[in-house]
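Numbering (UniProt numbering), first residue to last: 1 to 632.
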């Protein structure tokens, strides 16, 4: 079982299902320096009598899911008898509660071919009624996110289908991290992402960001947000986390994550931290492969686990698993999502977590490399997971679990454990009491002037001056060319703010950056006194075409200011420039903050929340916490 190329069979897996105790602690080594099926019966919507909303475990502070002080408006105000609900649910309904499905369409009654292909029915309403799913997840690519009234109406109609067919409301979710992972349509507040918050180091900013996210989601009928990311990003080559992480300091990540959890859950929107036990030190994207985290147990304790422990102490409602192999915790080669030693042994037994465990998407290659699609959810349940997120084929996945229950591999008692946790979360967030949202109230609550102002303040405090030779701030009426990567909206927002600050800015949209675009930018620089060139790298190494563009503009002899709109590592790749800025995102608030810094409207406050290695990946060019002042 130590050979990771070996494909475990169900009989192989049974050999270590009971091996829940994590690997023994080992001494810190490599990163020691980083120590700093039938027709649904209608169930009772709310059974009067003694409430039974607590999970099977103790609940309360330090266990997740049931913490009293941040239950929000809904927590503890109902009389839903969970024991009664469970006793009247069929096995088919219990299985359905454990699945979170993707439904295609802008309305609950819209027929879509992809629904038929992946679920066997045509509409979202039919998915809910036929499969008794416990939740839905929304995306723009599945047609769910058009505008605020549409999203809210979809949520209401989906909830009606759930209540009419089974009496249990849905957990409706989305990946709403803000920054680069932003699902709600305009005018949802364009907040900075986690790394921007990390650059501020502000507990208050993180709490306010969480409140805005939770309030806007819940206003639209979305009651679970898959955020924040609490992975400690210590790998500059990380292709999947990057600016989605608060940074590289576990203490800071813990502090800001708990603040964001508090803000979200105060708005009665469940927070879901991810990706357990830590996806921050990998150069492989688990959407397309299966990363291996070779940390020692001591390194996990020092780097990866503290934010999850802090989240549990804060009472987070849910924790999302990672499709990563962690040999020191489970040497079988199974990803954490399918690992009983990790989910049951470490998360449940050692860390004492009693809330909901949700898998990362079961459509990702990182979890489909070992078992067929009908076995993946079975293995996840046996490992200890409660919610199966967006399997590639819902019908196949549910059938696999149904067969496992029928043959005794999964007991009904095991189903009850997970369904109890899911129902508890719905009770604590007031979803039984208030399953529906008001369209007019949603329109009024999303993208308020106050929220947009808060987002801009966070962005202003996050933008980081990495280096400057005295070029900044620019004097008023400086003729400035703004070009590089980015959409027309990015360019327009940057130029508009510069003009507002008295800079004579001209934008040049390049589209695809190639030799012709580079020549166009160089020609335009002839009429400018300085150039602001925008770059954006999703990984450590900045794409060569962007590097070539910056170097060509430097060769014009004009002062060049480089602003990185994603990961902050561009500074070590683009070559010498006069000034280097990290914005951590390309939202309107981020690029306005860049413009305000360039013009001197704000002073540089942000600090690097990650260390920046040298261009060859060795050594350290800029340390964690670095920030420059104007003139150096």
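By construction, the Cβ of each residue, glycine as well, lies at the ideal position given by its N, Cα and C atoms.
Asked: Validate contact between the segment 443–451 and the segment 235–249 using beta carbons, cut 8 Å, 3 pairs; Found: no
Asked: Residue from 406, 216, 120 with nearest C-alpha to residue 451; Found: 216
Asked: Host alpha helix (DSSP H) of residue 560 (start-end); Found: Note, residue 560: premise wrong, no alpha helix (DSSP H); beta strand (DSSP E) at 560–564.
Asked: Residue 525 to residue 558 span [Cα, whole Å]; Found: 8 Å
Asked: Three-state class that DSSP yields for residue 627 in the structure shown; Found: coil
Asked: Helix, strand or coil at residue 504 [DSSP, three-state]; Found: strand
Asked: Own chain, CB closer than 6 Å to residue 74, minus 5 neighbours either side, in chain order; Found: Residue placement at residue 74 is flagged as unreliable, the pLDDT there being 45, under the threshold of 50; the coordinate-derived value follows with that caveat. Closer than 6 Å at Cβ, skipping near neighbours: 268, 429, 430, 433.
Asked: Sequence ranges, beta strand (DSSP E) only - wholly within the segment 462–533, length at least 3; Found: 464–468, 479–484, 504–507
Asked: Cutoff 6 Å; reference residue 292; Cβ partners in own chain excluding five residues on either side; Found: 325
Asked: Spatial distance of residue 518 from residue 606 (CA atoms); Found: 31 Å
Asked: Given 8 Å, three or more beta-carbon pairs between the segment 497–513 and the segment 454–461; Found: no
Asked: Sufficient close CB pairs (3 or more, under 8 Å) joining the segment 135–155 to the segment 174–192; Found: yes
Asked: Alpha-carbon spacing of residue 415 relative to residue 136, whole angstroms; Found: 19 Å
Asked: Given residue 220 as reference, the closest of 263, 613, 274, 156 once Cα atoms are compared; Found: 156
Asked: Distance between residue 352 and residue 380 (C-alpha atoms, nearest Å); Found: 19 Å
Asked: Coil, strand or helix - residue 308 by DSSP; Found: helix
Asked: Helix, strand or coil at residue 402 [DSSP, three-state]; Found: helix
Asked: Proximity of residue 105 and residue 112 at Cβ, strictly below 8 Å; Found: yes
Asked: Those residues which DSSP pairs with residue 274 across a bridge; Found: 229, 320
Asked: C-alpha gap between residue 394 and residue 117, whole angstroms; Found: 9 Å
Asked: Buried versus exposed call for residue 204 [16 or more other C-beta atoms within 10 Å across all chains shown]; Found: exposed
Asked: Heavy atom of the ligand PLP within 7 Å of residue 145 beta-carbon; Found: Questions concerning the ligand PLP fall outside what the structure shown contains, since it holds no ligand whatsoever.
Asked: Residues of its chain near residue 130, where Cβ-Cβ distance is below 7 Å and the 5 sequence neighbours each way are ignored; Found: 121
Asked: Same chain only: Cβ atoms within 6 Å of residue 536, ignoring 5 sequence neighbours per side; Found: 485, 565, 566
Asked: Residue from 153, 91, 141, 98 whose Cα sits closest to the Cα of residue 440; Found: 153
Asked: 6 Å Cβ shell around residue 629 - same chain, five flanking residues per side excluded; Found: none
Asked: Outcome for residue 632 when other beta-carbon atoms lying within 10 angstroms are tallied against a minimum of 16; Found: exposed
Asked: Close Cβ partners of residue 142 (< 8 Å) along its chain, the five nearest in sequence each way excluded; Found: 102, 103, 104, 105, 114
Asked: Outcome for residue 460 when other beta-carbon atoms lying within 10 angstroms are tallied against a minimum of 16; Found: buried
Asked: The segment 337–354 / the segment 399–419 touching (three or more Cβ pairs under 8 Å); Found: no
Asked: Closest Cα partner of residue 125 within the set 110, 134, 417; Found: 110
Asked: Alpha carbon of residue 544 to alpha carbon of residue 483, nearest angstrom; Found: 16 Å
Asked: Where the beta strand (DSSP E) through residue 110 begins and ends; Found: Note, residue 110: premise wrong, no beta strand (DSSP E); not H, not E.
Asked: Length of the line joining the Cα atoms of residue 161 and residue 84; Found: 21 Å
Asked: Buried versus exposed, by CB contacts within 10 Å (16 or more), residue 698; Found: Because the chain is modelled from 1 through 632, residue 698 falls outside the range shown and cannot be assessed.
Asked: Range covered by the beta strand (DSSP E) that runs through residue 621; Found: 620–622
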